Amino acid sequence: MRILVLDTIHGGAVIAHALRDRGHSVDMVDVYRGKAGISPDEAEHRTYDLAIAPVHLDPAYPLLHGIGSPVLSHHQAVKWILGHEVPRPFIEITGARGKTTTAHALAHVMEGPGILHTSTGTIEYPAGVRYSNPGITPASLIGAVTLAKKIGGWVIAEISLGFSGLGQLGILTSTETYPFAAKQKDALKEKMRSGRSLPAIILPPGMHREGSGIPANEIVHTDGLTCRFGWGDLEGEFCTPLLVNEAYRTPLILAAAAACVLGIDPTTLATFSPLEGRLAVSRIGNTVVVDDSNSGTCAATARQAIQLARQESGCRGPLTLVIGKEDGAICEGFPAGDILAVVREENPERVILVGKDYESGIPDIIRQTIRVSCCNSLAEGKASALEDTACGMVVLAVKTWR
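If you use our numbering, the sequence shown closes out at 402, no skipped numbers anywhere.
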């Protein structure tokens, strides 16, 4: 077939390479930068049997309508490329936040060899071998599946903006939504739509049954530090202090529910530990450091991190807030207005803004009472905060790939 792949920088080049390996003739158009592949004008004057476009592309993009061929999404194309010969069990995880923690928690209860693929990297279980991180585009599933086939293991994969349909089970981690594709699509609706191609989906607590979706709270219930579960012949409970924290409670509920549906006892979640950049607490001298810098960081999680820092320190000493967004292709941004709201409400003694776009977002009236400075990276912000803090609290709330 003659195939046109749109968008080279979000996995399109990987899809094109896989299609060429399978004998297809493939052209690519770099719809965002105009650097790789052929130009839109060239593509418009060629004939194709199929076009492949990312779900986040503006629906009004001219080539989508001008070439006259059927269009698959990148998600659908990956399912077509990999076919039915994929490892089992295969679990896909999507959602606005909580994907990485949920994926790691589910991997914690899995037995035998497997591949965990998240925004933090690709890890071979149980060996612990780490591979380079290709991101969580649909195309990244190709590499994860290839690795899993080599070791004869399972796959747990985080994927952005929806499900591919390859898995036997999907997990939706959040009901939070946002507009995308030139504000023409709704993220939650797209994720639910794509989930129709899966046999079953675990839905976050509070959602109603829809299609093949199973609300996690129909399987799992929490009470303080205790999590109780029941599904078929599987019944039991486990305890963990992580359940008191919303950032871990929902992922643990989702992972426990998914394990039950897979026929796996989730009681080993009692030994699951916090992840780097996911409300991880450490102490450096007399300073409490709460690290909540990851791809899902937002105003709500920043407030959770500040609350945890005050709890751990007993509210002793000044609070330094390192907040912002590092450069990089993260779908959801961190609006300056949200950052300003956190600063106004939490009133830290010092704010270090990460990202060149935020300096003008803090008005002078706040600068009169709060020390405000700017830097370019999480590492730089953390170093500056610790250098200037002999005791007290440092909260790292920077949106970044991690």
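We treat Cβ as the ideally placed atom computed from N, Cα and C, and that holds for glycine.
Bear in mind that the values here come from a model prediction, so they are computed numbers and not experimental data.
Rounded to whole angstroms, GLY277 and ASP291 show a C-alpha spacing of 5 Å. Taking each of GLU42, GLY314, ILE156 in turn and checking the Cα distance to GLU124, the smallest one comes out for ILE156.
In this structure, DSSP gives TYR32 a state outside helix and strand, which the three-state scheme calls coil.
No residue range can be given for LEU161, since it is assigned to no alpha helix (DSSP H) and is classified by DSSP as neither H nor E. With respect to LEU166, ILE115 sits apart: the two C-beta atoms are not nearer than 8 Å.
Contact check for LEU4 against ALA43 passes: the beta carbons are separated by less than 8 Å. Counting of Cβ neighbours within 10 angstroms places CYS391 among the exposed residues, the total staying below 16. Between the C-alpha atoms of ASP58 and LYS325 there is a straight-line separation of about 24 Å.
Shown here, LEU172 sits in a strand according to DSSP, grouped into three states.
In this structure, the alpha-carbon of ALA139 lies about 8 Å from that of HIS10.
CA-CA distance, VAL129 to ILE151, rounds to 12 Å. Look at CYS260 here: in three-state DSSP terms it is helix.
Of the other Cβ atoms in all chains shown, fewer than 16 fall within 10 Å of the Cβ of ASN376; this residue is therefore exposed.
Between the alpha carbons of VAL288 and ALA257 lies a distance of about 33 Å. Collapsing the DSSP output to three states places SER69 in coil.
Residue pairing for TRP231: DSSP places it in a beta bridge opposite LEU234. LYS185 and PRO179 have their C-alpha atoms spaced approximately 6 Å apart.
For the pair of segments examined, the segment 61–72 was found not to touch the segment 219–236: the number of CB pairs separated by less than 8 Å stays below three. If you draw a 10 Å sphere on the C-beta of GLU158, you find 16 or more other C-beta atoms in it, and that means buried. Between SER295 and TRP401, the C-beta gap is smaller than 8 Å, which places the two residues in contact. Between the alpha carbons of GLY236 and THR102 lies a gap of roughly 20 Å.
Contact between the segment 72–86 and the segment 239–254 is absent: fewer than three C-beta pairs spanning the two stretches fall below 8 Å.
Counting only runs of 4+ residues, the alpha helix (DSSP H) found wholly inside the segment 302–355 occupies 336–346, in chain order.
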